[in-house]
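Chemist: Please read through the structure below; I'll follow up with questions.
Number of protein chains: 2
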Amino acid sequence: MIQRLTIIGVGLIGGSLAQALRSAAYVREIIGYGRDVANLEKAVSLGVIDSYAPSIAEAVRDADMVVVAVPLGAMQSCFSEMVGHLAEDVVITDVGSAKASVVAAASAAFGELPSGFVPGHPIAGTEKSGVEASFPSLYRGRRVIVTPLPSSSAEAVAKLVSMWNETGAQTEEMSVERHDEVLAATSHLPHLLAFGLVDSLCSMDESEDIFRFAAGGFRDFTRIASSDPVMWRDICLSNREALLKVLQQYGNDLSQLMSLVSEGDGAALEKTFASAKAARDRYANQLDGWKGSFPAE
Amino acid sequence: MIQRLTIIGVGLIGGSLAQALRSAAYVREIIGYGRDVANLEKAVSLGVIDSYAPSIAEAVRDADMVVVAVPLGAMQSCFSEMVGHLAEDVVITDVGSAKASVVAAASAAFGELPSGFVPGHPIAGTEKSGVEASFPSLYRGRRVIVTPLPSSSAEAVAKLVSMWNETGAQTEEMSVERHDEVLAATSHLPHLLAFGLVDSLCSMDESEDIFRFAAGGFRDFTRIASSDPVMWRDICLSNREALLKVLQQYGNDLSQLMSLVSEGDGAALEKTFASAKAARDRYANQLDGWKGSFPAE
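Sequence lines, in order, name chains A and B.
Going left to right, the first sequence walks through residues 1 to 297 as the working numbering numbers them.
Going left to right, the second sequence walks through residues 298 to 594 as the working numbering numbers them.
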């Protein structure tokens, strides 16, 4: 059980974690910190956090678990502000969508990495943001990738895994590099494509009709383009190399598909579509089966 | 009211139209035709059609409304088979996602286009297909684009509009060319991108992990990649020119976005994402407001 949990950045992800741990009775006290006092007041009034501190230095004092849930671009300054104020056995983690950049930010802030520092990434979220959007079951039936570093103590890793399991999530360990490659493909690339598509359509001559006649499929396809622009700016920059690699590969594959359309090669188009449909149906079925194995709310 | 409705191709789209008109009591008798007798038997047993005919020639006999709801590649042969068997005042329409190719198919089959021929396109559907997936409210609160031709009689257009209005849809008239451009952007391009993304991910080294760790956003984004491959092959080929045009433009915009990532231009990325988010949120709100103005089921 966590005695004193500090959440830095009380938004959708941090707020939902606080609510999940509270409803699992796995935490005694929750301290919040953030730049926006009005948001912190709201988090208190919603019962998401017990109180908030005026600085990171005060927020982390005596905490046995510190979760940094801020955009990737703000990680380094958060880590810097906690230096010299952390309890000895504290576990420090984050929820960032790109891990190499978080490790770099921590190294820059801490110098030698603390043994309690274990990066993590819950594969969960919605296109909404802010503490009002947070809810206790966000992590139920989801996966959390934990990326222990050579400097991480086994005890800290175990504590982090226990915390996430209490939210109803399943944890898996992975290297920082592999995490960043996998997430570039499954999350960062699709977000960039969706933002790019909507932006591209906006600039077309028929843009008014385009949005008027867009159907349900389009709505699903572009839902992730409603995500927070600052967060996604930071993710794109933080995972730049892995993202460019998959973007390059996707660009090549798309050019090839374009050639098939241009040449009118129906057989090859059908084959590509059929294999994509099969893979996508397999994935959806797995996801259904896997989530079904968790107790309902 | 329609006395005798012939549905050629009793799948999701044709079956849902039959069910919608039946539940509106706007049709006396529904005859089906399709290549797969087992499917037609199922459509009868589900009450979607009253009976089915062994040929298109017999199916269209004495019909006052003929709806061709087959893949685009099968349109021409369907039209050819009805030549000489149509009643004088019959309205003939289709539901194809690309209209210029349907007009070309009809011209090839009929020679001079019948005055009762009015192409149409309901902007509705799901990623599922087949008569089992059909349901009467599919068109409720949706738009149907009607593309009258110079050869279409005003009476036929009015009858077609009345039929679609009975399903709870709202009709709008548009030229064939504009329809094809708008649909290329809002529907055909996103489908190609989604099929392409899933196919591209399948070929990556980490493909197993990629699908294991794909989250909810990915699921939404790729839902349309579960659509029928043959139908989408036909759409891509039938609307080739308009699709290549938007694909080219999207490709250029994506390259530019890739350059921003590569150069680490955070300000420009954030601006692009923010404007895409604003457009997408505006679109979703309009869709909500617009659908909300229809009576609930």
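For each residue, glycine too, the CB sits at the ideal point set by N, CA and C.
On a predicted model such as this, the values are computed, not experimentally measured, just so you know.
Identify, in the order they occur along the chain, each residue of the same chain with its Cβ nearer than 6 angstroms to the Cβ of Pro525 of chain B, setting aside the five sequence neighbours on each side.
Modeler: According to the sequence displayed, residue 525 of chain B carries Asp and not Pro. Excluding sequence neighbours, Asp525 of chain B sits near Ser426.
Chemist: What residue range does the alpha helix (DSSP H) around Pro526 of chain B cover?
Modeler: 526-535 is the extent of the alpha helix (DSSP H) around Pro526 of chain B.
Chemist: Contact criterion: CB-CB distance below 8 angstroms. Does Trp232 of chain A meet it with respect to chain B?
Modeler: Chain B contact via Cβ: present.
Chemist: Are any of the Cβ atoms in chain B nearer than 8 angstroms to that of Ala284 of chain A?
Modeler: It does: the Cβ of Ala284 of chain A has a partner Cβ on chain B nearer than 8 angstroms.
Chemist: Please state whether the Cβ-Cβ distance between Ser398 of chain B and Leu309 of chain B is less than 8 angstroms.
Modeler: No, the pair does not count as a contact, with Cβ atoms beyond the cut-off.
Chemist: Using CA coordinates, which residue listed in A:Tyr250, A:Val68, A:Ser238 is at the minimum distance from Val176 of chain A?
Modeler: When only C-alpha atoms are compared, the closest one is A:Ser238.
Chemist: Could you give the first and the last residue of the continuous beta strand (DSSP E) run that contains Glu173 of chain A?
Modeler: Glu173 of chain A -> beta strand (DSSP E) spans 170-173.
Chemist: Can you find the residues in the same chain that come closer than 7 angstroms, C-beta to C-beta, to Val367 of chain B, ignoring five residues on each side of it along the sequence?
Modeler: These residues qualify, in order along the chain: Ile305, Gly306, Cys375.
Chemist: Suppose you measure from the CA of Ala593 of chain B to the CA of Ala321 of chain B; what does that come to, to the nearest Å?
Modeler: The predicted position of Ala593 of chain B is uncertain, since its pLDDT is 31 and thus under 50; no value can be drawn from it.
Chemist: If you run the structure through DSSP and keep just helix, strand and coil, what is Gly14 of chain A?
Modeler: In the structure shown, Gly14 of chain A sits in a helix (DSSP, three-state: H, G or I).
Chemist: Just to make sure I have the definition right: I need the residues of chain B whose C-beta is within less than 7 angstroms of the C-beta of Thr222 of chain A. Which are they?
Modeler: Correct list: Arg577.
Chemist: Between Gly327 of chain A and chain B, is any beta-carbon pair separated by less than 8 angstroms?
Modeler: Chain A is shown only over 1 to 297; residue 327 of chain A falls outside these bounds and no answer can be derived.
Chemist: Which residue's Cα is closest to the Cα of Ala565 of chain B: A:Val230, A:Tyr250, A:His191?
Modeler: That would be A:Val230, whose Cα lies nearest to the Cα of Ala565 of chain B.
Chemist: Identify the contact partners of Pro229 of chain A in chain B, using a Cβ-Cβ distance below 7 angstroms as the criterion.
Modeler: The answer, in chain order, is Glu567, Phe570, Ala571, Lys574.
Chemist: With DSSP run on the structure shown, which of helix, strand or coil describes His476 of chain B?
Modeler: Reduced to three states, the DSSP call for His476 of chain B is helix.
Chemist: Taking DSSP as the reference, what is the three-state secondary structure of Gly73 of chain A?
Modeler: Helix.
Chemist: Have a look at Leu160 of chain A and Ile2 of chain A and give me their C-alpha separation to the nearest angstrom.
Modeler: Cα to Cα, the separation comes out at about 10 angstroms.
Chemist: Return helix, strand or coil for Asp517 of chain B, following the three-state DSSP convention.
Modeler: In this structure, Asp517 of chain B counts as helix in the three-state DSSP scheme.
Chemist: I believe Val392 of chain B touches Val357 of chain B by the beta-carbon criterion, under 8 angstroms. Please report the beta-carbon distance rounded to the nearest angstrom.
Modeler: Actually they do not touch by this definition, with Cβ atoms about 16 angstroms apart.
Chemist: Does DSSP classify Leu5 of chain A as helix, strand or coil?
Modeler: Strand at Leu5 of chain A.
Chemist: According to DSSP, simplified to helix, strand and coil, what is Lys588 of chain B?
Modeler: Residue placement at Lys588 of chain B is flagged as unreliable, the pLDDT there being 48, under the threshold of 50; the coordinate-derived value follows with that caveat. Lys588 of chain B falls in the helix class under three-state DSSP.
Chemist: So which residues of chain A does Gly561 of chain B contact, with C-beta pairs closer than 8 angstroms?
Modeler: Under the 8 angstroms cutoff, chain A gives Leu237, Arg240.
Chemist: Would you mind giving the Cβ-Cβ distance between Val131 of chain A and Lys42 of chain A, rounded to the nearest angstrom? I have them listed as a contact below 8 angstroms.
Modeler: The Cβ separation is near 6 angstroms, so the contact holds.
Chemist: Between Ala511 of chain B and chain A, is any beta-carbon pair separated by less than 8 angstroms?
Modeler: Yes, Ala511 of chain B lies at the interface with chain A (some Cβ there is under 8 angstroms from its Cβ).
Chemist: Is the beta carbon of Phe221 of chain A less than 8 angstroms from the beta carbon of Ala491 of chain B?
Modeler: Yes; because the gap between Cβ atoms is below 8 angstroms, this pair is in contact.
Chemist: Roughly how many angstroms lie between the CA atoms of Ser313 of chain B and Val334 of chain B, to the nearest whole one?
Modeler: Roughly 18 angstroms between the two C-alpha positions.
Chemist: For the 8 angstroms Cβ check, are there 3 or more pairs between the region 465-480 of chain B and the region 207-216 of chain A?
Modeler: The region 465-480 of chain B, when compared against the region 207-216 of chain A, does touch it at the 8 angstroms Cβ threshold.
Chemist: Quick one: is Thr390 of chain B near chain A, going by C-beta distance under 8 angstroms?
Modeler: Chain A, which has no Cβ nearer than 8 angstroms to the Cβ of Thr390 of chain B, makes this no.
Chemist: Does the structure place the region 245-264 of chain A close enough to the region 531-551 of chain B that three or more beta carbon pairs sit under 8 angstroms?
Modeler: The region 531-551 of chain B, when compared against the region 245-264 of chain A, does touch it at the 8 angstroms Cβ threshold.
Chemist: Could you check which residue in B:Ala384, B:Ala371, B:Ser500 has the C-alpha nearest to that of Glu403 of chain B?
Modeler: Note on identity: in this sequence residue 403 of chain B is Ala, with Glu being the wrong assignment. Comparing Cα-Cα distances from Ala403 of chain B to each of B:Ala384, B:Ala371, B:Ser500, the minimum goes to B:Ala371.
Chemist: Mind checking the region 410-423 of chain B against chain A and listing, in chain order, the residues whose C-beta falls within less than 8 angstroms of any C-beta there?
Modeler: Listed in sequence order: Ile420, Ala421, Gly422, Thr423.
Chemist: Assuming the contact rule is C-beta atoms closer than 8 angstroms, Phe273 of chain A and Pro487 of chain B should be a hit. Round their C-beta distance to whole Å, please.
Modeler: So it is not a contact: roughly 13 angstroms between Cβ atoms.
Chemist: Taking just the CA atoms, how far does Ile420 of chain B sit from Thr468 of chain B?
Modeler: Roughly 10 angstroms separates the two Cα atoms.
Chemist: Output yes or no for whether 8 angstroms exceeds the beta carbon distance between Ile49 of chain A and Ala18 of chain A.
Modeler: Yes, these two residues count as a Cβ contact at 8 angstroms.
Chemist: So the alpha helix (DSSP H) Ile353 of chain B belongs to, where does it begin and stop?
Modeler: Residues 353-357.
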